[in-house]
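Peer 1: Each step along the sequence shown adds one to the number in our numbering, with nothing skipped, and position 388 is 389.
Sharing a structure below in structure tokens format, with a few things to ask.
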Amino acid sequence: MSVTPREELAARLDSARRRKNLSIRAVARLVDVPAATVQGWLSGKHAPTPALRPQFERLVRALGLEGEVQPEWLDVDRALGTLRSGDTPYVGLRPYATTEERIFFGRDAESARIATAVRRHAPNHGLVALVGPSGSGKSSLLAAGLVGRHCAPGGLLEHRRGRVLTVRDLATHLDTGDADLVVLDQFEELLDLGEDRDPTLAAVLDLATRATVVLGIRSDAYGRLAELSDLRDALERPILVQPMAPEEIRQAITGPAALRDVEVDPGLVELVLADTGAAEDPQATLTLLPLVSHALLMTWGAGSGQRMTVDDYRRAGGLSSAVENLADGIVASLSTEQRRTARALFMRMVGLLDDRAVRRPVALASLSAATLAVARPFVDARVLSTTETQLHISHDSV
């Protein structure tokens, strides 16, 4: 097996570090980046993003390798951190929106199955639950698939007026308008509402008397929700999210690019499939879909605009490192004070539920101008997402 430039560079850097008897933490302090980032560079797991290029060059100098490192080796991640200009057809970590059904590939059969089940179980009003693990694409299936595709002309529910909300929207008394099919995504957040839980649940039950209410529920919270007597009947026979078959993943990779007249190397498709483990175990894809989408987004950004290649994918860090590379680049671009602000912000957006870390949105109105400025690059990179009133972490993988 041939050694890639990244692996050769990593080997030389780590050898020089050992010769100088420097620990990973000592090197991290020298160049002012997290120790985990240095570990990634020295293991060859990932290469520096453009935002970290100055720190990486400082590392090369500190290890006395400036005369040995070939210039092209420093360019292995040249396009990361800033997406290529133009409209990207991949959405990254965040879910697909109702308006993005055109670029929502690979889930036609599952979207139709869910729409059929909703029509059968709650044709005019009532509660229906869609349950799946984090990363299974529930939010995208409900927004782009159920509402965006099947509540539109020609869809299985074409005469329904669909709308996507969260349970927190109901907690703040948001008007559902004339919608007669309401998706309540991330419904497990009901358990985290404290004293607002009971009145919010009452509002959900009232809404279900005049509209079809589809609850998107993370599977690890399903048991606790099913213990609530008012939800027991609705949760008795939930719709379970099914994994994507290998051919559906192929469509999700190549379909969006084809809309932009961009070719995808067959080798890239096979590599992504191999990284997901879909061929050996389709169930393995159930928790990986946002990471696949994000890796494709970063691969798109790393490419030429005419073709997506294996090299682009590897520069982006592949399935394992794309999110880490992106976040590292953003953090490195912040000042010391901004890093403290970012850390405090992310801590606010994480809570505990049954000893498990869960995402917790914060109200935009509660954030200072300085905090909003720090959040902006994370939102632009889709690490964070916003609604009209809230800011939240895009996905549990972050």
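Cβ atoms here follow ideal geometry from the backbone N, Cα and C, with glycine treated the same way.
Please determine, among E281, S137, A172, the residue with the shortest C-alpha to C-alpha distance to L202.
Peer 2: For this step, residue 202 is matched to residue 201 along the sequence shown. Selected option, being the one with the closest Cα: A172.
Peer 1: Where does F391 sit, in a helix, a strand or coil, going by DSSP?
Peer 2: Counting from 1 along the sequence shown, the entry for residue 391 is found at position 390. Rather than Phe, the amino acid found at residue 391 in this sequence is Gln. Here Q391 sits in strand by DSSP.
Peer 1: Which partner residues of S321 appear in the DSSP bridge assignment?
Peer 2: Here residue 321 refers to the residue found at position 320 of the sequence shown. Answer is none; S321 lacks a bridge partner.
Peer 1: Using three-state DSSP, classify A371 as helix, strand or coil.
Peer 2: As a first step, residue 371 is located in the sequence shown; it is residue number 370 there, counting from the start. Three-state DSSP puts A371 in a helix.
Peer 1: Taking only the alpha-carbon atoms, compute the straight-line gap between L92 and T387 and give it to the nearest angstrom.
Peer 2: Locating residue 92 in the sequence shown gives position 91, counting from the first residue. Locating residue 387 in the sequence shown gives position 386, counting from the first residue. Reading off the sequence shown, one finds Val at residue 92, where the question assumed Leu. Spanning the two alpha carbons is a distance of roughly 14 Å.
Peer 1: With a threshold of 6 Å on Cβ separation, who are the neighbours of L60 within its own chain once the five nearest residues in sequence on each side are excluded?
Peer 2: Here residue 60 refers to the residue found at position 59 when the sequence shown is read from its first residue. So the list reads V32, once near-sequence residues are dropped.
Peer 1: Mind listing, in chain order, the continuous beta strand (DSSP E) runs of no fewer than 3 residues lying wholly within the segment 164-242?
Peer 2: Entirely contained in the segment 164-242, the beta strand (DSSP E) runs reaching 3 residues are, in chain order, 182-186, 213-219.
Peer 1: I'd like to confirm the pairing. Which residues does DSSP put opposite E264 in its beta bridges?
Peer 2: Here residue 264 refers to the residue found at position 263 when the sequence shown is read from its first residue. Paired residues: R308.
Peer 1: So V28 is in the alpha helix (DSSP H); what residue range does that whole segment cover?
Peer 2: Here residue 28 refers to the residue found at position 27 when the sequence shown is read from its first residue. First-last of the alpha helix (DSSP H) with V28: 25-32.
Peer 1: According to DSSP, is R357 helix, strand or coil?
Peer 2: Position 356 of the sequence shown holds residue 357. Reduced to three states, the DSSP call for R357 is strand.
Peer 1: Please state whether the Cβ-Cβ distance between L10 and S395 is less than 8 Å.
Peer 2: In the sequence shown, the residue the question calls residue 10 occupies position 9. In the sequence shown, the residue the question calls residue 395 occupies position 394. Going by C-beta atoms, L10 is not nearer than 8 Å to S395.
Peer 1: May I have the straight-line CA-CA distance separating G82 from S334, to the nearest angstrom?
Peer 2: Taking the sequence shown and counting its residues from 1, the one referred to as residue 82 is at position 81. Taking the sequence shown and counting its residues from 1, the one referred to as residue 334 is at position 333. Note that G82 scores a pLDDT of 35, beneath 50, so its modelled location is shaky and nothing firm can be said.
Peer 1: What residues in its chain sit with their C-beta under 7 Å from that of D190, if we drop five residues either side in the sequence?
Peer 2: Your numbering for residue 190 matches position 189 in the sequence shown. In the sequence as displayed, the identity of residue 190 is Glu instead of Asp. Contacts found: T167, V168, R169.
Peer 1: List the endpoints of the continuous alpha helix (DSSP H) containing V119.
Peer 2: Along the sequence shown, read from residue 1 onward, the residue named residue 119 stands at position 118. Per DSSP, V119 belongs to the alpha helix (DSSP H) from 109-122.
Peer 1: Taking only the alpha-carbon atoms, compute the straight-line gap between V183 and G224 and give it to the nearest angstrom.
Peer 2: Position 182 of the sequence shown, counted from the start, is the residue given in the question as residue 183. Position 223 of the sequence shown, counted from the start, is the residue given in the question as residue 224. Distance between the alpha carbons of V183 and G224 is about 23 Å.
Peer 1: Within the same chain, show all residues whose beta-carbon is closer than 7 Å to that of P35, passing over the 5 residues directly before and after it, in chain order.
Peer 2: If you number the sequence shown from 1, residue 35 lands on position 34. Cβ neighbours of P35 beyond the five flanking positions: A29.
Peer 1: Who pairs with A1 in a beta bridge, going by DSSP?
Peer 2: Nothing in the structure corresponds to residue 1, since the chain is present only between 2 and 399.
Peer 1: Would you tell me roughly how many angstroms separate the C-alpha atoms of V380 and T99, rounded to the nearest one?
Peer 2: Position 379 of the sequence shown, counted from the first residue, corresponds to residue 380. Position 98 of the sequence shown, counted from the first residue, corresponds to residue 99. Distance between the alpha carbons of V380 and T99: 19 Å.
Peer 1: Alpha carbon to alpha carbon, what distance is there between G330 and S44?
Peer 2: Against the sequence shown, residue 44 aligns to sequence position 43. Against the sequence shown, residue 330 aligns to sequence position 329. Their backbone Cα atoms lie some 18 Å apart in a straight line.
Peer 1: Can you tell me whether M348 is buried or exposed? The criterion is at least 16 other CB atoms within 10 Å of its CB, across all chains shown.
Peer 2: As a first step, residue 348 must be located in the sequence shown, where it is residue number 347. M348 comes out exposed.
Peer 1: Going by CA-CA distance only, name the one from E102, W42, Q40 that's closest to L260.
Peer 2: Numbered from its first residue, the sequence shown carries residue 260 at position 259. Ranking E102, W42, Q40 by Cα distance to L260 puts E102 first.
Peer 1: For D276, verify whether its CB is less than 7 Å away from any heavy atom of the ligand SAH.
Peer 2: As presented, the structure is devoid of all ligands, the ligand SAH included, so that no description of it is given.
Peer 1: Assuming contact is defined by CB atoms lying nearer than 8 Å, are I254 and V270 in contact in what I supplied?
Peer 2: The count along the sequence shown starts at 1 and reaches residue 254 at position 253. The count along the sequence shown starts at 1 and reaches residue 270 at position 269. Yes. Within cutoff.
Peer 1: Provide the residue span of the alpha helix (DSSP H) that contains P291, from first to last.
Peer 2: The count along the sequence shown starts at 1 and reaches residue 291 at position 290. Here the alpha helix (DSSP H) through P291 covers 290-303.
Peer 1: How would you write the range of the alpha helix (DSSP H) that M348 sits in, first residue to last?
Peer 2: As a working mapping, residue 348 is identified with position 347 in the sequence shown. M348 -> alpha helix (DSSP H) spans 337-349.
Peer 1: Which residues bound the alpha helix (DSSP H) around A36?
Peer 2: On the sequence shown, position 35 is the one that residue 36 refers to. Taken as a continuous stretch (DSSP letters only), the alpha helix (DSSP H) holding A36 covers 36-44.
Peer 1: From the DSSP secondary-structure annotation, give me the bridge partner or partners of V363.
Peer 2: As a position in the sequence shown, residue 363 is number 362, starting the count at 1. V363 is bridged to L392.
Peer 1: If you draw a straight line from the C-alpha of G146 to the C-alpha of S137, how long is it?
Peer 2: The residue labelled residue 146 in the question sits at position 145 within the sequence shown. The residue labelled residue 137 in the question sits at position 136 within the sequence shown. So the alpha carbons of these two residues sit roughly 14 Å apart.
Peer 1: Could you have a look at G330 and say whether DSSP puts it in helix, strand or coil?
Peer 2: For the purposes of this step, residue 330 is identified with residue 329 of the sequence shown, where counting begins at 1. Helix at G330.
Peer 1: Consult DSSP for S140 and reduce its assignment to one of helix, strand or coil.
Peer 2: Start at 1 with the first residue of the sequence shown, and residue 140 comes out as number 139. S140: helix per DSSP, three-state reduction.
Peer 1: Measuring CB to CB, does Q252 end up less than 8 Å from G107?
Peer 2: Numbered from its first residue, the sequence shown carries residue 252 at position 251. Numbered from its first residue, the sequence shown carries residue 107 at position 106. It is a contact, given that the beta carbons lie within the stated cut-off.
Peer 1: Give me the Cβ distance between L327 and M299, rounded to the nearest whole Å; I'm assuming they're in contact under 8 Å.
Peer 2: In the sequence shown, residue 327 corresponds to position 326, counting from 1. In the sequence shown, residue 299 corresponds to position 298, counting from 1. Correct: roughly 7 Å between the Cβ atoms.
Peer 1: Please classify S386: does DSSP put it in a helix, a strand, or coil?
Peer 2: Counted from its first residue, the sequence shown places residue 386 at position 385. It is a strand residue.
Peer 1: May I ask you to list the residues that DSSP assigns as paired with G352?
Peer 2: As a first step, residue 352 is located in the sequence shown; it is residue number 351 there, counting from the start. Note: G352 sits in a beta bridge opposite V359.
Peer 1: Residues in its own chain within less than 6 Å of V129 by CB, not counting five upstream and five downstream?
Peer 2: Within the sequence shown, residue 129 is the residue found at index 128, counting from 1. Once the five neighbours on either side are set aside, the close Cβ partners of V129 are V119, H122, A123, V215.
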